[in-house]
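Just below is one structure, and these are the notes that go with it.
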Amino acid sequence: MATEITEETTENNEKSECLSNAYHVKWINFHGIMYGIVTQNENGPCPLVAVANVLLLKGQLGLPNKAERISEKDLLQCIADCLLRLKPEGLNEGDALNYEQNISDVLSLVPSLPRGLDVNVQFNGVNKFEYTTACAFFDLLGIPLLHGWVADPQQKELVRLLGSLGYNEVAERIVNGDQDTESCILADFLQSTASQLTVYGLFELNAALNDGQIAVLFRNNHFHTLYKHKDGLFVLVADQGFINEPSVVWETLNSVDGSSVFVDASFNESRPADAKETSDHLLALALQEEESRREEEANAMSRSIPTAPSSSTSSEGFITSEASTPSIAKRFNKPDKSDRAFLVYAVLLMTCDFICAMVIDVLLLNKVLSERAYYLHFFCKFNWYIQFDGTLWL
1 MATEITEETT
11 ENNEKSECLS
21 NAYHVKWINF
31 HGIMYGIVTQ
41 NENGPCPLVA
51 VANVLLLKGQ
61 LGLPNKAERI
71 SEKDLLQCIA
81 DCLLRLKPEG
91 LNEGDALNYE
101 QNISDVLSLV
111 PSLPRGLDVN
121 VQFNGVNKFE
131 YTTACAFFDL
141 LGIPLLHGWV
151 ADPQQKELVR
161 LLGSLGYNEV
171 AERIVNGDQD
181 TESCILADFL
191 QSTASQLTVY
201 GLFELNAALN
211 DGQIAVLFRN
221 NHFHTLYKHK
231 DGLFVLVADQ
241 GFINEPSVVW
251 ETLNSVDGSS
261 VFVDASFNES
271 RPADAKETSD
281 HLLALALQEE
291 ESRREEEANA
301 MSRSIPTAPS
311 SSTSSEGFIT
321 SEASTPSIAK
331 RFNKPDKSDR
341 AFLVYAVLLM
351 TCDFICAMVI
361 DVLLLNKVLS
371 ERAYYLHFFC
381 KFNWYIQFDG
391 TLWL
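To convert, note that position 190 of the sequence shown is 190 in the UniProt record's numbering; the numbers rise steadily by one, no gaps.
What follows is the structure in C-alpha coordinates.
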(Lines of atoms letter the chains of each structure in order from A; the text may use other names.)
(Lines give C-alpha, C1' and ligand atoms only; values in the text may rest on other atoms or scores of the structure.)
Protein backbone atom coordinates (compact mmCIF):
# COMPACT_ATOMS: atom_id res chain seq x y z
CA MET A 1 0.00 0.00 0.00
CA ALA A 2 1.39 3.38 -1.00
CA THR A 3 1.63 6.35 1.31
CA GLU A 4 -0.31 9.14 -0.40
CA ILE A 5 -0.27 12.86 0.20
CA THR A 6 -3.68 14.49 -0.14
CA GLU A 7 -4.27 17.78 -1.94
CA GLU A 8 -5.65 19.34 1.23
CA THR A 9 -2.53 18.49 3.21
CA THR A 10 -0.28 19.82 0.47
CA GLU A 11 -2.17 23.13 0.15
CA ASN A 12 -2.20 23.71 3.91
CA ASN A 13 1.52 23.05 4.27
CA GLU A 14 2.39 25.17 1.24
CA LYS A 15 0.62 28.12 2.84
CA SER A 16 2.47 27.62 6.11
CA GLU A 17 5.91 27.14 4.53
CA CYS A 18 7.93 29.45 2.33
CA LEU A 19 8.40 28.37 -1.28
CA SER A 20 12.10 27.68 -0.70
CA ASN A 21 11.06 24.65 1.38
CA ALA A 22 8.86 23.22 -1.35
CA TYR A 23 9.83 20.99 -4.27
CA HIS A 24 8.41 21.31 -7.76
CA VAL A 25 6.84 18.19 -9.26
CA LYS A 26 7.38 16.95 -12.81
CA TRP A 27 5.07 14.35 -14.32
CA ILE A 28 6.70 11.65 -16.45
CA ASN A 29 5.58 8.53 -18.27
CA PHE A 30 7.07 5.40 -16.69
CA HIS A 31 5.97 2.09 -18.19
CA GLY A 32 2.76 3.63 -19.49
CA ILE A 33 1.76 5.24 -16.17
CA MET A 34 2.13 8.91 -15.26
CA TYR A 35 4.20 9.41 -12.12
CA GLY A 36 5.07 12.61 -10.35
CA ILE A 37 8.76 12.99 -9.50
CA VAL A 38 10.36 15.52 -7.19
CA THR A 39 12.79 17.98 -8.76
CA GLN A 40 15.73 19.73 -7.18
CA ASN A 41 16.40 23.42 -7.65
CA GLU A 42 19.92 23.44 -6.26
CA ASN A 43 22.90 21.26 -7.11
CA GLY A 44 23.31 19.85 -3.62
CA PRO A 45 23.78 16.37 -2.18
CA CYS A 46 20.09 16.10 -1.23
CA PRO A 47 19.33 12.38 -0.76
CA LEU A 48 15.72 13.29 -0.01
CA VAL A 49 15.00 13.84 -3.72
CA ALA A 50 16.68 10.61 -4.84
CA VAL A 51 14.97 8.47 -2.19
CA ALA A 52 11.56 10.06 -2.73
CA ASN A 53 11.77 9.45 -6.48
CA VAL A 54 12.66 5.79 -5.98
CA LEU A 55 9.62 5.37 -3.72
CA LEU A 56 7.43 7.28 -6.19
CA LEU A 57 8.48 5.17 -9.19
CA LYS A 58 8.06 1.97 -7.17
CA GLY A 59 4.53 3.02 -6.25
CA GLN A 60 5.28 3.14 -2.52
CA LEU A 61 4.67 6.87 -2.39
CA GLY A 62 1.87 8.75 -4.12
CA LEU A 63 1.21 12.36 -5.08
CA PRO A 64 -2.12 14.06 -5.79
CA ASN A 65 -2.96 14.01 -9.49
CA LYS A 66 -1.49 17.02 -11.35
CA ALA A 67 0.22 18.29 -8.19
CA GLU A 68 2.75 21.01 -8.99
CA ARG A 69 4.56 21.27 -5.67
CA ILE A 70 5.11 19.33 -2.51
CA SER A 71 6.34 20.77 0.75
CA GLU A 72 9.48 19.50 2.38
CA LYS A 73 7.53 18.74 5.54
CA ASP A 74 5.07 16.53 3.65
CA LEU A 75 7.86 14.69 1.89
CA LEU A 76 9.72 13.95 5.11
CA GLN A 77 6.54 12.81 6.84
CA CYS A 78 5.70 10.53 3.93
CA ILE A 79 9.13 8.87 4.03
CA ALA A 80 8.82 8.38 7.79
CA ASP A 81 5.44 6.73 7.23
CA CYS A 82 7.02 4.41 4.66
CA LEU A 83 9.65 3.34 7.18
CA LEU A 84 6.98 2.45 9.72
CA ARG A 85 4.76 0.74 7.18
CA LEU A 86 7.52 -1.45 5.71
CA LYS A 87 8.19 -3.27 8.97
CA PRO A 88 8.67 -6.98 8.16
CA GLU A 89 6.30 -9.48 9.68
CA GLY A 90 7.12 -12.64 11.61
CA LEU A 91 10.16 -11.31 13.47
CA ASN A 92 11.12 -13.10 16.65
CA GLU A 93 11.46 -11.16 19.85
CA GLY A 94 15.19 -10.51 19.50
CA ASP A 95 14.98 -9.40 15.88
CA ALA A 96 11.94 -7.25 16.66
CA LEU A 97 13.84 -5.40 19.39
CA ASN A 98 16.79 -4.89 17.06
CA TYR A 99 14.50 -3.65 14.32
CA GLU A 100 12.79 -1.19 16.65
CA GLN A 101 16.19 0.22 17.63
CA ASN A 102 17.19 0.62 13.99
CA ILE A 103 13.88 2.31 13.18
CA SER A 104 14.37 4.71 16.06
CA ASP A 105 17.88 5.62 14.87
CA VAL A 106 16.79 6.03 11.26
CA LEU A 107 13.74 8.14 12.11
CA SER A 108 16.01 10.54 13.97
CA LEU A 109 18.02 10.82 10.75
CA VAL A 110 15.07 11.68 8.49
CA PRO A 111 14.92 15.44 9.30
CA SER A 112 18.53 15.82 8.08
CA LEU A 113 17.80 14.36 4.62
CA PRO A 114 17.41 17.77 2.91
CA ARG A 115 20.93 18.69 4.05
CA GLY A 116 22.64 15.44 3.07
CA LEU A 117 23.89 12.15 4.48
CA ASP A 118 27.39 11.13 5.48
CA VAL A 119 28.46 8.00 3.60
CA ASN A 120 31.97 6.57 3.35
CA VAL A 121 32.52 4.52 0.19
CA GLN A 122 34.81 1.49 0.16
CA PHE A 123 36.63 0.71 -3.06
CA ASN A 124 36.22 -3.08 -3.15
CA GLY A 125 32.60 -3.27 -4.36
CA VAL A 126 29.73 -1.21 -5.74
CA ASN A 127 27.62 -1.89 -2.64
CA LYS A 128 30.45 -1.46 -0.15
CA PHE A 129 30.07 1.38 2.34
CA GLU A 130 31.14 1.83 5.91
CA TYR A 131 27.99 0.75 7.70
CA THR A 132 26.34 3.68 9.45
CA THR A 133 22.82 4.81 10.27
CA ALA A 134 22.66 6.26 6.75
CA CYS A 135 23.18 2.77 5.28
CA ALA A 136 20.54 1.39 7.65
CA PHE A 137 18.12 4.00 6.32
CA PHE A 138 18.40 2.61 2.77
CA ASP A 139 18.25 -0.97 4.01
CA LEU A 140 15.01 -0.43 5.92
CA LEU A 141 13.41 1.16 2.84
CA GLY A 142 14.61 -1.71 0.67
CA ILE A 143 16.54 0.64 -1.64
CA PRO A 144 19.97 -0.50 -2.91
CA LEU A 145 22.65 2.12 -2.27
CA LEU A 146 25.43 1.81 -4.85
CA HIS A 147 28.53 3.58 -6.10
CA GLY A 148 30.88 3.01 -9.04
CA TRP A 149 34.19 4.01 -7.43
CA VAL A 150 35.73 0.53 -7.54
CA ALA A 151 39.36 -0.44 -8.14
CA ASP A 152 40.10 -2.84 -10.99
CA PRO A 153 41.23 -6.25 -9.59
CA GLN A 154 43.96 -6.34 -12.26
CA GLN A 155 45.68 -3.50 -10.40
CA LYS A 156 46.81 -5.90 -7.71
CA GLU A 157 49.09 -3.56 -5.79
CA LEU A 158 46.38 -0.89 -5.65
CA VAL A 159 43.74 -3.42 -4.57
CA ARG A 160 46.08 -4.68 -1.84
CA LEU A 161 46.66 -1.16 -0.52
CA LEU A 162 42.98 -0.23 -0.61
CA GLY A 163 41.73 -3.45 0.98
CA SER A 164 38.44 -2.65 2.70
CA LEU A 165 39.47 0.89 3.55
CA GLY A 166 36.94 3.65 3.11
CA TYR A 167 37.58 6.98 1.44
CA ASN A 168 38.20 8.73 4.75
CA GLU A 169 40.88 6.21 5.77
CA VAL A 170 42.57 6.39 2.36
CA ALA A 171 42.66 10.19 2.48
CA GLU A 172 44.14 10.07 5.98
CA ARG A 173 46.81 7.58 4.88
CA ILE A 174 47.77 9.83 1.97
CA VAL A 175 48.12 12.84 4.25
CA ASN A 176 50.23 10.93 6.77
CA GLY A 177 52.23 8.99 4.17
CA ASP A 178 54.86 11.70 3.66
CA GLN A 179 55.06 11.04 -0.09
CA ASP A 180 56.13 7.40 0.24
CA THR A 181 55.45 4.93 -2.57
CA GLU A 182 52.21 3.57 -1.14
CA SER A 183 50.68 6.98 -0.45
CA CYS A 184 51.63 8.09 -3.99
CA ILE A 185 49.83 5.06 -5.47
CA LEU A 186 46.72 5.85 -3.44
CA ALA A 187 46.86 9.54 -4.29
CA ASP A 188 47.23 8.76 -7.99
CA PHE A 189 44.15 6.52 -7.83
CA LEU A 190 42.00 9.21 -6.24
CA GLN A 191 43.24 11.83 -8.68
CA SER A 192 42.78 9.67 -11.79
CA THR A 193 39.24 8.72 -10.69
CA ALA A 194 38.10 12.15 -9.57
CA SER A 195 34.73 11.55 -11.23
CA GLN A 196 34.16 8.84 -8.58
CA LEU A 197 33.47 6.28 -11.31
CA THR A 198 35.80 3.71 -12.88
CA VAL A 199 35.38 1.58 -15.98
CA TYR A 200 35.39 -1.54 -13.83
CA GLY A 201 32.91 0.07 -11.44
CA LEU A 202 30.59 0.84 -14.35
CA PHE A 203 30.54 -2.83 -15.38
CA GLU A 204 29.96 -3.87 -11.78
CA LEU A 205 27.04 -1.47 -11.45
CA ASN A 206 25.41 -3.02 -14.48
CA ALA A 207 25.94 -6.50 -13.08
CA ALA A 208 24.60 -5.56 -9.63
CA LEU A 209 21.15 -4.54 -10.92
CA ASN A 210 18.47 -6.62 -12.54
CA ASP A 211 16.59 -5.30 -15.55
CA GLY A 212 13.89 -2.90 -14.34
CA GLN A 213 15.45 -2.43 -10.90
CA ILE A 214 15.73 1.01 -9.27
CA ALA A 215 18.48 2.07 -6.87
CA VAL A 216 20.22 5.14 -5.48
CA LEU A 217 23.65 5.93 -6.91
CA PHE A 218 26.17 7.93 -4.91
CA ARG A 219 28.57 9.76 -7.19
CA ASN A 220 30.38 13.10 -7.06
CA ASN A 221 29.03 13.55 -3.53
CA HIS A 222 25.52 13.52 -4.94
CA PHE A 223 22.66 11.04 -4.69
CA HIS A 224 20.97 10.01 -7.96
CA THR A 225 18.00 7.80 -8.84
CA LEU A 226 19.45 4.96 -10.95
CA TYR A 227 17.49 2.61 -13.22
CA LYS A 228 18.50 -0.34 -15.38
CA HIS A 229 16.69 -0.82 -18.68
CA LYS A 230 17.68 -3.52 -21.19
CA ASP A 231 21.28 -3.76 -19.96
CA GLY A 232 21.63 0.01 -19.96
CA LEU A 233 22.03 2.27 -16.94
CA PHE A 234 20.06 5.51 -16.72
CA VAL A 235 20.00 8.34 -14.19
CA LEU A 236 16.71 10.14 -13.57
CA VAL A 237 16.90 13.80 -14.62
CA ALA A 238 15.62 15.53 -11.50
CA ASP A 239 16.97 19.00 -12.27
CA GLN A 240 14.22 21.61 -11.96
CA GLY A 241 15.64 23.30 -15.06
CA PHE A 242 14.12 20.49 -17.16
CA ILE A 243 10.70 20.57 -15.56
CA ASN A 244 9.14 21.90 -18.78
CA GLU A 245 11.03 19.45 -21.01
CA PRO A 246 8.78 16.37 -21.28
CA SER A 247 11.21 14.70 -23.68
CA VAL A 248 14.03 14.78 -21.13
CA VAL A 249 13.44 12.05 -18.54
CA TRP A 250 16.63 10.03 -18.18
CA GLU A 251 20.34 10.49 -18.80
CA THR A 252 22.56 7.66 -19.94
CA LEU A 253 25.34 6.35 -17.70
CA ASN A 254 27.67 4.51 -20.04
CA SER A 255 31.06 6.19 -19.68
CA VAL A 256 33.33 7.63 -17.02
CA ASP A 257 34.11 10.84 -18.91
CA GLY A 258 30.61 12.31 -18.73
CA SER A 259 29.73 11.82 -22.41
CA SER A 260 26.08 11.11 -21.70
CA VAL A 261 22.90 11.88 -23.64
CA PHE A 262 19.33 12.62 -22.63
CA VAL A 263 16.58 10.13 -23.44
CA ASP A 264 12.80 10.31 -23.26
CA ALA A 265 10.32 8.09 -21.44
CA SER A 266 10.78 5.40 -24.12
CA PHE A 267 14.57 5.59 -23.67
CA ASN A 268 15.08 7.09 -27.11
CA GLU A 269 17.63 9.86 -27.48
CA SER A 270 16.05 13.28 -27.14
CA ARG A 271 17.07 16.88 -27.47
CA PRO A 272 15.72 19.69 -25.28
CA ALA A 273 13.72 22.38 -27.07
CA ASP A 274 16.33 25.01 -26.31
CA ALA A 275 19.28 22.76 -27.08
CA LYS A 276 19.89 24.38 -30.48
CA GLU A 277 20.06 27.87 -29.00
CA THR A 278 22.29 26.56 -26.24
CA SER A 279 24.58 24.89 -28.79
CA ASP A 280 24.73 28.06 -30.91
CA HIS A 281 25.49 30.12 -27.83
CA LEU A 282 28.27 27.75 -26.78
CA LEU A 283 29.70 27.81 -30.31
CA ALA A 284 29.70 31.61 -30.30
CA LEU A 285 31.46 31.63 -26.94
CA ALA A 286 34.03 29.14 -28.21
CA LEU A 287 34.74 31.26 -31.30
CA GLN A 288 35.03 34.38 -29.18
CA GLU A 289 37.46 32.64 -26.82
CA GLU A 290 39.52 31.40 -29.79
CA GLU A 291 39.69 34.92 -31.24
CA SER A 292 40.74 36.34 -27.87
CA ARG A 293 43.39 33.64 -27.55
CA ARG A 294 44.83 34.49 -30.97
CA GLU A 295 44.93 38.20 -30.14
CA GLU A 296 46.76 37.45 -26.89
CA GLU A 297 49.27 35.27 -28.74
CA ALA A 298 49.83 38.01 -31.32
CA ASN A 299 50.34 40.61 -28.59
CA ALA A 300 52.72 38.31 -26.74
CA MET A 301 54.70 37.73 -29.95
CA SER A 302 54.96 41.45 -30.66
CA ARG A 303 56.16 42.10 -27.12
CA SER A 304 58.82 39.43 -27.50
CA ILE A 305 60.57 41.27 -30.43
CA PRO A 306 63.62 42.78 -28.64
CA THR A 307 64.88 45.77 -30.69
CA ALA A 308 61.94 47.05 -32.69
CA PRO A 309 61.13 50.65 -31.69
CA SER A 310 57.51 51.37 -30.96
CA SER A 311 55.62 53.72 -33.24
CA SER A 312 52.64 55.99 -32.98
CA THR A 313 50.68 58.22 -35.30
CA SER A 314 51.21 61.96 -34.98
CA SER A 315 48.50 64.58 -35.18
CA GLU A 316 49.52 65.26 -38.78
CA GLY A 317 48.97 61.64 -39.70
CA PHE A 318 52.64 60.62 -40.09
CA ILE A 319 54.18 57.67 -38.28
CA THR A 320 56.79 58.84 -35.80
CA SER A 321 59.28 56.70 -33.96
CA GLU A 322 59.51 56.88 -30.20
CA ALA A 323 63.07 55.52 -30.21
CA SER A 324 66.01 57.78 -29.40
CA THR A 325 67.56 57.50 -32.93
CA PRO A 326 68.64 60.96 -34.28
CA SER A 327 66.46 62.37 -37.02
CA ILE A 328 67.60 62.29 -40.65
CA ALA A 329 67.77 66.09 -40.64
CA LYS A 330 70.30 66.08 -37.79
CA ARG A 331 72.42 63.37 -39.41
CA PHE A 332 72.44 65.34 -42.69
CA ASN A 333 73.66 68.42 -40.78
CA LYS A 334 70.51 70.33 -41.58
CA PRO A 335 68.56 72.46 -39.14
CA ASP A 336 66.21 70.41 -36.96
CA LYS A 337 62.81 70.88 -38.63
CA SER A 338 59.48 69.13 -38.47
CA ASP A 339 58.86 66.03 -40.56
CA ARG A 340 56.61 67.94 -42.95
CA ALA A 341 59.22 70.63 -43.61
CA PHE A 342 61.87 68.02 -44.21
CA LEU A 343 59.62 66.16 -46.64
CA VAL A 344 59.14 69.39 -48.66
CA TYR A 345 62.90 69.90 -48.61
CA ALA A 346 63.50 66.37 -49.92
CA VAL A 347 60.93 66.76 -52.70
CA LEU A 348 62.61 70.00 -53.84
CA LEU A 349 65.98 68.26 -53.98
CA MET A 350 64.46 65.42 -55.99
CA THR A 351 62.89 67.88 -58.44
CA CYS A 352 66.09 69.85 -58.91
CA ASP A 353 68.14 66.73 -59.46
CA PHE A 354 65.61 65.40 -61.97
CA ILE A 355 65.77 68.64 -63.96
CA CYS A 356 69.57 68.60 -63.86
CA ALA A 357 69.65 64.99 -65.01
CA MET A 358 67.37 65.80 -67.94
CA VAL A 359 69.56 68.76 -68.95
CA ILE A 360 72.73 66.68 -68.73
CA ASP A 361 71.16 63.89 -70.78
CA VAL A 362 70.22 66.40 -73.52
CA LEU A 363 73.70 67.90 -73.53
CA LEU A 364 75.26 64.44 -73.73
CA LEU A 365 73.06 63.52 -76.66
CA ASN A 366 74.19 66.67 -78.45
CA LYS A 367 77.79 65.92 -77.41
CA VAL A 368 78.07 69.23 -75.63
CA LEU A 369 79.40 67.54 -72.43
CA SER A 370 81.99 64.82 -72.17
CA GLU A 371 81.26 61.41 -70.65
CA ARG A 372 83.52 62.34 -67.71
CA ALA A 373 81.03 65.01 -66.66
CA TYR A 374 78.20 62.48 -66.80
CA TYR A 375 80.00 60.05 -64.49
CA LEU A 376 80.74 62.89 -62.07
CA HIS A 377 77.06 63.73 -61.93
CA PHE A 378 76.14 60.07 -61.32
CA PHE A 379 78.66 59.87 -58.45
CA CYS A 380 77.08 62.94 -56.79
CA LYS A 381 73.62 61.39 -57.03
CA PHE A 382 74.83 58.11 -55.50
CA ASN A 383 76.59 59.89 -52.64
CA TRP A 384 73.45 61.88 -51.84
CA TYR A 385 71.43 58.67 -51.82
CA ILE A 386 73.88 57.01 -49.37
CA GLN A 387 73.55 59.93 -46.96
CA PHE A 388 69.79 59.39 -46.90
CA ASP A 389 70.26 55.70 -45.89
CA GLY A 390 68.12 54.53 -48.77
CA THR A 391 65.10 56.38 -47.47
CA LEU A 392 64.41 58.20 -50.78
CA TRP A 393 64.99 56.85 -54.30
CA LEU A 394 66.31 59.61 -56.56
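Positions of the beta carbon are idealized from the N, C-alpha and C atoms, including for glycine. The structure presented is a predicted model; accordingly, all values stated were derived computationally and were not measured.
When secondary structure is reduced to three states using DSSP, Phe267 falls in the coil class, being assigned neither helix nor strand.
The C-alpha of Tyr200 is placed about 18 Å away from the C-alpha of Gly166.
Within the region 20-64, the complete alpha helix (DSSP H) runs of at least 4 residues fall at 47-57.
Going by beta carbons, Leu140 and Leu86 fall inside the 8 Å limit.
Segment contact: the region 214-229 against the region 141-149, three or more CB-CB distances shorter than 8 Å; contact assigned. Residue pairing of Thr252 in beta bridges, as defined by DSSP: Phe234.
The C-beta distance from Phe223 to Pro64 rounds to 25 Å, too long to fall under 8 Å, and the pair is not in contact. The region 193-209 and the region 122-132 touch, with three or more beta-carbon pairs separated by less than 8 Å.
Leaving aside the five residues that flank Ala80 on each side, the residues in its chain whose CB is nearer than 7 Å to its CB run, in chain order, Leu107, Val110.
Per the Cβ contact rule, the region 39-53 is in contact with the region 223-235 (3 or more Cβ pairs under 8 Å).
Here the alpha carbons of Thr198 and Leu233 stand approximately 14 Å from one another. Taking the CA atoms as reference points, Gln101 sits about 11 Å from Gly94. Counting the other Cβ atoms within 10 Å of the Cβ of Asp74 gives 16 or more, which makes it buried. The C-beta distance from Ile103 to Leu83 rounds to 6 Å, short enough to meet the 8 Å contact threshold. Within the same chain, Asn120 come within 7 Å of Asn168 by CB-CB distance, once the 5 residues on both sides are set aside. Comparing alpha-carbon positions, the option among Ala194, Cys356, Val249, Pro114 lying closest to Val150 turns out to be Ala194.
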